[in-house]
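K.L.:
Residue numbers (this note's numbering): 0 to 587.
1. Work out the CA separation of residue 345 and residue 285 for me, nearest whole Å.
2. Under 8 Å by Cβ, that's how I've got residue 334 and residue 186 pegged, so tell me the actual separation to the nearest angstrom.
3. Please list, in chain order, all residues of the same chain as residue 176 whose beta carbon is under 8 Å from its beta carbon, the five residues on each side excluded.
4. In whole angstroms, give me the CA-to-CA distance for residue 155 and residue 312.
5. Distance, Cα to Cα, residue 144 vs residue 152?
6. DSSP state of residue 476, grouped into three classes?
7. To the nearest angstrom, how far is it from the Cα of residue 600 to the Cα of residue 455?
8. Look up residue 200 in the DSSP assignment and give the residues it is bridged to.
9. Please classify residue 392 as buried or exposed, where buried requires at least 16 neighbouring CB atoms within 10 angstroms.
10. Quick one: what's residue 234 bridged to in DSSP?
11. Verify whether the separation of the beta carbon atoms of residue 261 and residue 272 is less than 7 Å.
12. Identify the continuous beta strand (DSSP E) that holds residue 92 and give its terminal residues.
13. Along the chain, which unbroken stretches of the beta strand (DSSP E) at least 3 residues long are found entirely within the stretch 336-405?
14. Kindly indicate which three-state DSSP category residue 440 falls into: helix, strand or coil?
15. When you compare the CB positions of residue 91 and residue 104, do they come within less than 7 Å of one another, or not?
16. Output the boundary residues of the beta strand (DSSP E) element that contains residue 105.
17. Using the beta-carbon count (16 or more within 10 Å), is residue 214 buried or exposed?
18. Using C-beta distances below 7 Å, list every residue in its chain close to residue 259, excluding the 5 sequence neighbours before and after it, in chain order.
19. Got a sec? Which residues, its chain only, sit under 6 Å from residue 308 by beta carbon, not counting five neighbours each side?
20. The beta strand (DSSP E) spanning residue 456 covers which residue range?
21. Measure the alpha-carbon distance for residue 499 versus residue 428 and round it to whole angstroms.
22. Output the boundary residues of the beta strand (DSSP E) element that contains residue 561.
23. Can you tell me whether residue 38 is buried or exposed, with buried defined as 16 or more other CB within 10 angstroms of its CB?
24. For residue 401, is the classification buried or exposed, using 16 other Cβ atoms within 10 angstroms of its Cβ as the cut-off for buried?
25. Can you round the beta-carbon distance between residue 232 and residue 322 to whole angstroms, since I take them to be within the 8 Å contact cut?
26. What residue from 501, 526, 525 and 530 has the CA that sits closest to residue 513's CA?
27. In terms of residue numbering, what span does the alpha helix (DSSP H) encompassing residue 287 cover?
28. Quick one: what does DSSP say residue 157 is sitting in, helix, strand or coil?
29. Compute the Euclidean distance between the alpha carbons of residue 86 and residue 238, then round it to the nearest angstrom.
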């Protein structure tokens with residue numbers, strides 16, 4: 000294959016690739032607007048843990064605790080806490096960070112190098128209260144934790160679920176297991192399930208067919224008032240923990256990556272992020288009522304199920320359970336029925352995600368998904384039979400920087416993410432990125448935004464957007480371009496020149512017109528580039544670029560070209576355009 004053919008194929012492939020991304024790429028890309036950054040000094044390669052609790056965003060980096068008051072400014076402020084009892088010189092790393100209870104802002108634990116841990120509540124004056132110590136446990140800040148009343152629940156992936164309290168007699172630890180686990184979320188039951196705790200995790204198993212490792216997504220349920228069994232049988236261990244398998248797709252998506260929740264009027268929805276063998280991503284949605292129903296009524300996938308007491312049912316005193324039930328519980332009983340999603344999976348074929356957050360805005364649900372490359376996608380949840388709609392892609396970090404932690408501050412429409420020693424804040428209601436016309440605002444389909452008659456601006460979460468464009472979108476007028484404001488460009492005879500049509504939406508198609516004749520152009524991330532190989536009289540006249548999206552056509556660029564009588568004009572070429580010009584030159 001000769002050079003001309005190679006360059007032709009390269010150019011055609013580039014244009015095809017850009018066009019083929021329309022259905023799964025983000026509609027707009029945001030690099031600066033609404034993004035704030037903060038770098039912690041002397042903290043290279045440190046892990047930043049984030050938590051949104053008590054309307055405050057909390058940040059942990061190594062041994063230091065910070066808070067962000069979103070009503071003031073973005074800069075994190077230090078909180079002076081000492082998690083070493085009677086020792087002002089020791090260094091305790093923060094090992095647990097979770098929302099406080101009983102009016103306290105926060106609950107946190109610090110663990111020293113000697114593996115001694117102290118846990119405290121942080122009250123409204125930023126003082127530590129109700130502290131207690133424990134040993135022999137090594138909590139990890141990367142693991143899920145939850146405070147319910149005065150009971151702390153936390154997980155260790157190589158062990159399981161723990162419960163600790165000032166009263167050590169009420170402590171519960173998991174029974175020994177030979178399987179590797181990765182815990183992702185703890186959820187306290189509500190309403191009729193308020194006496195239950197639910198754990199979402201992935202468990203590694205050997206595939207029976209080829210002995211390869213396989214991750215199985217699971218959810219477990221246990222009673223909060225579980226006291227453990229009598230001496231010699233599950234003493235100080237869970238006697239009520241039962242398990243069910245999560246299903247997402249036709250067993251294709253088995254690797255559970257992250258879990259987020261959102262409360263509805265009558266239920267709690269679980270949004271689970273999965274990955275499959277081919278590294279495709281999917282989101283499946285479950286509801287807590289269905290999960291509880293399976294645990295309460297499904298048959299067990301086991302023989303010799305006790306008939307005197309249904310395993311997993313809460314009792315006043317679990318130390319009085321009979322030996323038959325306790326022996327059965329040692330086998331980690333699993334339900335025969337799997338937990339299926341409300342609908343099929345929402346599949347992302349071309350993106351690899353690592354974190355998920357969910358927000359409810361007006362009547363819409365928005366997913367915030369972090370990319371392995373360091374970006375964040377804002378996705379509008381749609382029926383599974385419809386194509387995925389990615390509203391925007393935020394690029395807060397340099398390419399290749401992985402996001403370590405991500406949380407959502409729903410009341411302020413703010414998303415926080417950390418990478419290395421850097422913390423970023425994304426204002427999800429930066430609506431000006433979609434344009435300054437009504438039709439552009441409506442085409443964004445962003446529930447955070449609405450047209451107020453003058454500009455694309457923030458939509459109140461509690462108010463339905465009733466502001467429509469003056470005319471239906473398909474009849475919306477373009478900007479009026481008159482002879483007074485049309486750029487007139489003089490081009491030197493026989494010189495190369497190009498016109499770039501800016502990208503308004505990655506979901507749109509773009510074309511250049513010379514008078515009323517459509518001219519082909521090369522689509523790139525920078526825009527649709529039309530090349531004039533050698534300027535002559537036939538190239539003089541008006542040029543306009545139009546984009547079409549969802550049946551709406553608008554003019555976005557307009558120029559008037561004429562022959563220059565001067566020999567001093569030298570067009571300035573941007574690098575991407577220069578590459579394309581070279582390709583065209585070789586082809587010709």
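Where a beta carbon is used, it is the ideal one built from N, C-alpha and C, also for glycine.
P.N.:
Checking against the coordinates, here is how it stands:
1. One-based indexing of the chain shown puts residue 285 at position 286. One-based indexing of the chain shown puts residue 345 at position 346. Between the alpha carbons of residue 285 and residue 345 lies a gap of roughly 12 Å.
2. Taking the chain shown and counting its residues from 1, one reaches residue 334 at position 335. Taking the chain shown and counting its residues from 1, one reaches residue 186 at position 187. Contact doesn't hold; Cβ gap of about 17 Å is too wide.
3. Residue numbering aside, residue 176 sits at position 177 when the chain shown is read from its first letter. Cβ-Cβ distances below 8 Å link residue 176 to 158, 159 and 331 in the same chain, with the five nearest sequence neighbours on each side left out; the list follows chain order.
4. Position 156 of the chain shown, counting from 1, holds the residue named residue 155. Position 313 of the chain shown, counting from 1, holds the residue named residue 312. Roughly 25 Å between the two C-alpha positions.
5. For the purposes of this step, residue 144 is taken as the residue at position 145 of the chain shown. For the purposes of this step, residue 152 is taken as the residue at position 153 of the chain shown. Linking residue 144 to residue 152 through their CA atoms gives a straight-line distance of about 6 Å.
6. Here residue 476 is taken as the residue at index 477 of the chain shown, counted from 1. In this prediction, residue 476 scores a pLDDT of 43, lower than 50, which makes its location untrustworthy; no coordinate-derived value is stated.
7. For residue 600 there is no data in the structure shown, the boundaries of the chain being 0 and 587.
8. On the chain shown, residue 200 is found 201 positions in, with the first residue counted as 1. Beta-bridge pairing by DSSP links residue 200 to 182 and 217.
9. As a first step, residue 392 is located in the chain shown; it is residue number 393 there, counting from the start. Buried.
10. Reading the chain shown from its first residue, position 235 is the one you call residue 234. In DSSP, residue 234 forms a bridge with 228.
11. By 1-based counting over the chain shown, the position of residue 261 is 262. By 1-based counting over the chain shown, the position of residue 272 is 273. The answer is no: Cβ separation not under 7 Å.
12. Counting from one through the chain shown, the residue named residue 92 turns up at place 93. Element bounds for residue 92: 92-98.
13. Under the rule that a run must span 3 or more residues, the beta strand (DSSP E) segments found entirely inside the stretch 336-405 read 345-347, 352-360, 363-370, 375-379 and 388-393.
14. On the chain shown, position 441 is the one that residue 440 refers to. Per DSSP, reduced to three states, the secondary structure at residue 440 is helical.
15. In the chain shown, residue 91 corresponds to position 92, counting from 1. In the chain shown, residue 104 corresponds to position 105, counting from 1. The answer is no: Cβ separation not under 7 Å.
16. Residue numbering aside, residue 105 sits at position 106 when the chain shown is read from its first letter. First-last of the beta strand (DSSP E) with residue 105: 105-110.
17. For the purposes of this step, residue 214 is taken as the residue at position 215 of the chain shown. Per the 10 Å Cβ criterion, buried.
18. In the chain shown, residue 259 corresponds to position 260, counting from 1. These residues qualify, in order along the chain: 270, 355, 356 and 357.
19. Start at 1 with the first residue of the chain shown, and residue 308 comes out as number 309. Excluding sequence neighbours, residue 308 sits near 324.
20. To locate residue 456, count along the chain shown from 1; it is residue 457. Boundaries of the beta strand (DSSP E) around residue 456: 455-457.
21. Here the question's residue 499 lines up with position 500 in the chain shown. Here the question's residue 428 lines up with position 429 in the chain shown. Spanning the two alpha carbons is a distance of roughly 29 Å.
22. The residue given as residue 561 occupies position 562 in the chain shown. Segment 551-562, the beta strand (DSSP E) holding residue 561.
23. Position 39 of the chain shown, counting from 1, holds the residue named residue 38. The residue in question, residue 38, is exposed, as its Cβ has fewer than 16 Cβ neighbours within 10 Å.
24. Taking the chain shown and counting its residues from 1, one reaches residue 401 at position 402. Label assigned to residue 401: exposed.
25. The sequence position of residue 232 within the chain shown is 233, counting from 1. The sequence position of residue 322 within the chain shown is 323, counting from 1. Sure, about 7 Å apart at Cβ, within 8 Å.
26. Counted from its first residue, the chain shown places residue 513 at position 514. For residue 513, the nearest C-alpha among the options comes from 530.
27. Locating residue 287 in the chain shown gives position 288, counting from the first residue. Where residue 287 is concerned, the enclosing alpha helix (DSSP H) starts and stops at 287-296.
28. Here residue 157 is taken as the residue at index 158 of the chain shown, counted from 1. Reduced to three states, the DSSP call for residue 157 is coil.
29. Looking up residue 86 in the chain shown gives position 87. Looking up residue 238 in the chain shown gives position 239. Spanning the alpha carbons of residue 86 and residue 238 requires a straight line of approximately 39 Å.
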